[in-house]
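Novice: Line by line, the protein sequences give chains A and B. Quick note: the first sequence uses numbering that gives the first Met the number 0, first residue 0, plus one each step. Quick note: the second sequence uses numbering that gives the first Met the number 0, first residue 0, plus one each step. Backbone N, C-alpha and C fix where the C-beta goes; we use that ideal spot for every residue, glycine too.
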Amino acid sequence: MNFPKNLMYTKTHEWVLFAEDGSAAVGITDYAQDQLGDLVFVNLPEKGDPVTAGESFADVESVKAVSDVLSPVTGEVAEINELLADEPQRMNQAPYDSWFVKVQNITDRAELMDAEAYQAYTASC
Amino acid sequence: MDGKKTPLYGAHLAAGGKMVEFGGYCLPVQYKTGVIREHMAVRTACGLFDVSHMGEILVEGKGAVAYLNRLLTNDYTVMRPGQARYSPMCREDGGTVDDLIVYKIRDDSYFVVVNAANKEKDFAWMKAHQTENASVSDVSDRYAQIALQGPKAEALLRRLTGELPEKYYTALFDARVDGIPCILSRTGYTGEDGFEMYLAPDRAEALWTLLLQTGKEDGLIPCGLGARDTLRLEAAMPLYGHELSDTITPLEAGLRSFVKLEKPGFIGREALLAQASPPRRRVGLKITGRGIAREHQEVFLDGQPVGMTTSGTHCPFLNGPYAMALVRADVPAQGARVEVDVRGRRVEAETVPLPFYRRPR
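Printed below as a string of structure tokens:
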């Protein structure tokens, strides 16, 4: 299991990478993809949609079930990763390269953990 | 987890099985390989399943055939020992108590395999409708069950046993697989050729390990409930609680060929006769829009609700989302453009003939 140090993490297993321009990329963690199993579909918001910290902004479907993906931040969708729609298996293969959306105009964030805290948290799950 | 442990529980844990409760048992939903690879192994090579949760009921006595013919919608009058025959078991109102497989051992002895989740209900129903000179006993605890499924299953088993059931839906009651006694049946729930082995629980782990070792060169891997479900759905086999239930008749579920309406006196016959043209029917849906339909989602035709999905998932071999649905009988079973309400989003789909997948012969 991989926990990159440059990312922040939520209790609901999303990762967030804050860029210098104040925007943030968001995805699901290695732990999440492992728990979900083979991912076959992702439903993404549209560019310009508002997202709210702690609320669902996308859903991913494994062969078995659907799961909500919660936004770690409040803001506006600046960009979506179209690649994931065509190749959802990327979320399993490279979860930290598979950002779902980039969010700008961030005004709030959920409770976030650093890599060490998140790793300890997953060990207790 | 509260579920009962099958004799293979330890083997599942050791193999990294992700355990869940199903039908009162603790079973692996998948191993580390994942549902897609497990599914594909069964379609292209072979896969091994622990299906020890299934229930086994023995029907004995010289009135056994008359009893089965009263209890079940299929006809058991003409059958050779070693043959197996599928049937729904209906209520008086035509709703389905369960669907099951009956094996004929001898004229006065039949082995009945029922769904795990319905075991107690079925046994109580069978007891309550017992007829003369027929006894019913629940022998579930005497059997573990292992399913070996896929195009390479036959060749693999031939290396371990001298005699196989040659035809689909037949069984050998005194088979030995590398010396391990079992009932060896050519049946399954995957849409592939395959075998199911019923054996003493204390021999189950030995047989499981032996099969996995022997099948390594064939690409055999253990498979969980996740793949079992995607495989049966791709092959459009009904699952009780989804395509069949107390309130769904076998005629609505498209199981007409297993309901012998001309056979007198079976439970549910009057209701089913009255339903000569059922108001609803089971159809296949190929999801053409973006999304995956799951069970209990509403289906719309021309904006009007016409029914509900009963099962749905991403089908790994066909590599796309499919669902089955129970819809108004006037919805065309092929070529109708419908929509499914997938959590508030209308997703386009098209009715297609069942099964979605048929194995090449």
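In the DSSP assignment, find the unbroken beta strand (DSSP E) run with T186 of chain B in it and report its ends.
Specialist: Against the second sequence, residue 186 of chain B aligns to sequence position 187. Taken as a continuous stretch (DSSP letters only), T186 of chain B belongs to no beta strand (DSSP E), as it is neither H nor E.
Novice: With 8 Å set as the bound, which would you pick, yes or no: does the beta-carbon of K101 of chain A sit closer than that to a beta-carbon of chain B?
Specialist: Numbered from its first residue, the first sequence carries residue 101 of chain A at position 102. No, K101 of chain A lies away from the interface with chain B (no Cβ there is under 8 Å from its Cβ).
Novice: Could you please give me the residues that DSSP links to M7 of chain A through a beta bridge?
Specialist: Position 8 of the first sequence holds residue 7 of chain A. Looking at the DSSP assignment, M7 of chain A forms a beta bridge with A:V15.
Novice: Using three-state DSSP, classify I79 of chain A as helix, strand or coil.
Specialist: Taking the first residue of the first sequence as 1, we reach residue 79 of chain A at position 80. Reduced to three states, the DSSP call for I79 of chain A is strand.
Novice: Report the rounded CA-to-CA distance for W124 of chain B versus K31 of chain B, giving the unit in angstroms.
Specialist: Residue 124 of chain B sits at position 125 when you count from the first residue of the second sequence. Residue 31 of chain B sits at position 32 when you count from the first residue of the second sequence. Straight across, the Cα-Cα distance linking W124 of chain B with K31 of chain B is about 40 Å.
Novice: Taking 8 Å as the threshold (beta carbon to beta carbon), is K63 of chain A in contact with chain B?
Specialist: Stepping through the first sequence from its first residue, residue 63 of chain A is reached at position 64. Yes, because at least one Cβ of chain B sits closer than 8 Å to the Cβ of K63 of chain A.
Novice: Would you check if the distance between the CB atom of E251 of chain B and the CB atom of F355 of chain B is smaller than 8 Å?
Specialist: Sequence index remark: in the second sequence, residue 251 of chain B carries index 252 (1-based). Sequence index remark: in the second sequence, residue 355 of chain B carries index 356 (1-based). No, they are not a contact pair.
Novice: Is it buried or exposed, H295 of chain B, if we count other Cβ atoms within 10 angstroms and call 16 or more buried?
Specialist: Position 296 of the second sequence, counting from 1, holds the residue named residue 295 of chain B. Answer is exposed; the Cβ neighbour count stays below 16.
Novice: Could one say the Cβ of F56 of chain A lies closer than 8 Å to chain B's Cβ atoms, at least one of them?
Specialist: For the purposes of this step, residue 56 of chain A is taken as the residue at position 57 of the first sequence. Not closer than 8 Å to any Cβ of chain B, the Cβ of F56 of chain A fails to qualify, so no.
Novice: I'd like to check one pair, A170 of chain B with S370 of chain B: are the Cβ atoms closer than 8 Å?
Specialist: Nothing in the structure corresponds to residue 370 of chain B, since chain B is present only between 0 and 360.
Novice: Does any CB atom of chain A fall closer than 8 Å to the CB of V34 of chain B?
Specialist: Here residue 34 of chain B is taken as the residue at index 35 of the second sequence, counted from 1. It does; some Cβ of chain A falls within 8 Å.
Novice: Which residue marks the beginning of the alpha helix (DSSP H) containing H313 of chain B, and which one marks its end?
Specialist: Mapped onto the second sequence, residue 313 of chain B falls at position 314. Not the alpha helix (DSSP H): H313 of chain B falls in the beta strand (DSSP E), residues 303–314.
Novice: Note the first and the last residue of the continuous alpha helix (DSSP H) segment covering L272 of chain B.
Specialist: Locating residue 272 of chain B in the second sequence gives position 273, where the first residue counts as 1. Residues 268–273.
Novice: Name the chain B residues whose beta carbon is nearer than 8 Å to that of D85 of chain A?
Specialist: The residue you call residue 85 of chain A lines up with position 86 of the first sequence. Chain B residues near D85 of chain A: none, gap ~11 Å exceeds 8 Å.
Novice: Determine contact between the segment 87–101 of chain B and the segment 257–272 of chain B, defined as no fewer than three beta-carbon pairs at a distance below 8 Å.
Specialist: yes
Novice: In whole angstroms, what separates the C-alpha of A235 of chain B from that of H313 of chain B?
Specialist: Indexing the second sequence from 1 puts residue 235 of chain B at position 236. Indexing the second sequence from 1 puts residue 313 of chain B at position 314. One C-alpha to the other measures close to 13 Å.
Novice: In the structure shown, what three-state DSSP assignment does R281 of chain B receive?
Specialist: Residue numbering aside, residue 281 of chain B sits at position 282 when the second sequence is read from its first letter. Taken through DSSP and simplified to helix, strand or coil, R281 of chain B comes out as strand.
Novice: Taking the alpha helix (DSSP H) that R157 of chain B falls in, what are its first and last residues?
Specialist: On the second sequence, residue 157 of chain B is found 158 positions in, with the first residue counted as 1. 152–157 is the span of the alpha helix (DSSP H), which, as asked, contains R157 of chain B.
Novice: List the residues of chain B whose Cβ lies closer than 9 Å to the Cβ of G36 of chain A, in chain order.
Specialist: As a working mapping, residue 36 of chain A is identified with position 37 in the first sequence. Going along chain B in sequence order, the residues near G36 of chain A (Cβ under 9 Å) are K17, V28, Q29, G33, V34, I35, G225.
Novice: Examine the ligand ATP and report whether any of its heavy atoms sits within less than 7 Å of the Cβ of L325 of chain B.
Specialist: The ligand ATP is not part of this structure, which contains no ligands at all.
Novice: Grouping DSSP H, G and I as helix and E and B as strand, with all else coil, what is N42 of chain A?
Specialist: By 1-based counting over the first sequence, the position of residue 42 of chain A is 43. Strand at N42 of chain A.
Novice: Check whether the Cβ of E75 of chain A lies closer than 8 Å to any Cβ atom in chain B.
Specialist: Counted from its first residue, the first sequence places residue 75 of chain A at position 76. Chain B, which has no Cβ nearer than 8 Å to the Cβ of E75 of chain A, makes this no.
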